[in-house]
Amino acid sequence: MAPKDVNADIGVFGLGTMGSALALNLAENGFRVAVSNKHADRIPVFLTQAKELAGNLVGFPDITEFVASIARPRSILFMIPSGAPMDVMIDAVLPLLDDGDTIIDGGNADFHDTRRRSTAFSGTGKHFVGMGVSGGAEGARHGPSMMV
1487 MAPKDVNADI GVFGLGTMGS ALALNLAENG FRVAVSNKHA DRIPVFLTQA KELAGNLVGF
1547 PDITEFVASI ARPRSILFMI PSGAPMDVMI DAVLPLLDDG DTIIDGGNAD FHDTRRRSTA
1607 FSGTGKHFVG MGVSGGAEGA RHGPSMMV
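Counting with our numbering, you get residues 1487 to 1634 for the letters of the sequence shown.
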């Protein structure tokens, strides 16, 4: 399926414990979710484990195709380690975004990093949201606490 034909409601990048659980939660609640991961071999494993929810999930090993698969304005939730890994991903994704698109950092970042990133996004037409996620894997799967 071509990325432009997917028209996902949201993208989730990072298929570790929390990212996988949140992607499944979104899919179970009727959202079409594009997923990607730094280690692309994790994507087919995740989709297989998703079982009946796999119909609402589409995996993309390529970051450009992942971003292109999300309906505009895009919302991309990053569930990756805080700090430098998030900065690397922002640098990789920012050129692929359009005005009105939003990056959400769900990695429980240090508030200084969140402020710095928010300031960097100011005036770009793109949005940055720092969002802490609490509740562990079970909470992420069935009812996370999301703090913006």
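Virtual Cβ for every residue (Gly too), placed ideally from N, Cα, C.
Per DSSP, the bridge partner or partners of L1533: BP columns for L1533 are empty, so no partner.
Limits of the alpha helix (DSSP H) - the one that M1575 falls within: 1570–1579
F1614 burial status per 10 Å Cβ neighbour count (16 or more: buried): buried
Among I1562, D1491, M1633, the one whose alpha carbon lies nearest that of N1594: M1633
Under 9 Å between C-beta atoms of I1529 and L1501: yes
Among S1561, P1581, R1558, D1591, nearest to M1504 - alpha-carbon criterion: D1591
Spatial neighbours of A1513 in its chain, beta-carbon cut-off 6 Å, leaving aside the 5 residues before and after: V1519, L1539, N1542, L1543
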